[in-house]
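**Q** Below are the structure tokens for one structure; questions will follow.
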Amino acid sequence: MKQRDTNSIRYPLEADIKLEKLTQNLHRSKKDIFCQMVDYFYRSKKDPADPGDEMLKRELSSGISRILSFIRQQEKDFLLPLFSDAGLLKAAAARQKEVLEGIGRHLLTESERTGTIVQSNEHLLKGVKLLLSKQKEKDLLKQQFSELLEYYIAQREEMGWTTTNVKKEELTAHIRKSLKNL
């Protein structure tokens, strides 16, 4: 059986110093870090000698392009319709505001008219109440006058030809006094 870990590599002292710092920072052995570096470059297909790393730049560029196209699509699908709908809503709200202000002005004038009508109705109601009270007084006066007339007629009938003028005058004075008291 052959031992797996038999290969060795010679490298400059500056690279060894850098590798030593990496081992301290990452808390791994030099062998582990070296194997992981080889795996990284193998998988990513990056050239360690290429400082610009064009492949990485292309990947970043394509990622940014995808993000920008996604944002543009979102703007087209959501933001632009939202802005246009917001504009329509704003215009509709302005029209509704004008309508509501018109209704408010109309209600104010109608309220003033209603106040005037209420005052007129109250005035008319007072007049009608006054007329009713006067009508009741008139009816009461008619009734009292009717009773007085009936009394006069009854007393006059009781008096005959033989009744003295004094009695007739007393009856007439009594009726006149009663009429004045009405």
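Residues 64 to 245 (my numbering) make up the sequence shown, in order.
Idealized CB from N, CA, C, for every residue including glycine.
1) At 4 residues or longer, what runs of the alpha helix (DSSP H) sit wholly inside the segment 67 to 112?
2) Counting pairs of Cβ atoms below 8 Å between the segment 180 to 196 and the segment 224 to 239, do you hit three or more?
3) Please report the straight-line C-alpha distance between Glu122 and Ile130, rounded to a whole angstrom.
4) Consult DSSP for Ile216 and reduce its assignment to one of helix, strand or coil.
5) Is the distance from the Cβ of Ser241 to the Cβ of Leu211 below 8 Å?
6) In whole angstroms, give me the CA-to-CA distance for Ile127 and Lys108.
7) Here's a check: name, in chain order, each residue in its chain whose Cβ is nearer than 7 Å to the Cβ of Leu85, leaving out the five neighbours to either side.
8) Only counting the same chain, and skipping five residues up and downstream in sequence, which positions put a Cβ closer than 8 Å to that of Met222?
9) Which class does Thr172 belong to by DSSP, given the choice of helix, strand or coil?
10) Quick one: give me the first and last residue of the alpha helix (DSSP H) that Leu234 is part of.
11) How many Å lie between Gly167 and Leu152 at the Cα?
12) Quick check: the Cα distance between Glu161 and Ser124, rounded to an integer number of angstroms?
**A** Quick answer:
1) 76 to 89 and 93 to 107
2) no
3) 12 Å
4) helix
5) Yes, the pair counts as a contact, with Cβ atoms nearer than the cut-off.
6) Lys108 has its alpha-carbon roughly 21 Å from the corresponding atom of Ile127.
7) Ile96
8) Listed in chain order, the non-local C-beta contacts of Met222 below 8 Å within the same chain comprise Lys230, Lys231 and Leu234, local neighbours out to five positions each way being set aside.
9) helix
10) Asn228 to Asn244
11) 22 Å
12) CA-CA distance, Glu161 to Ser124, rounds to 53 Å.
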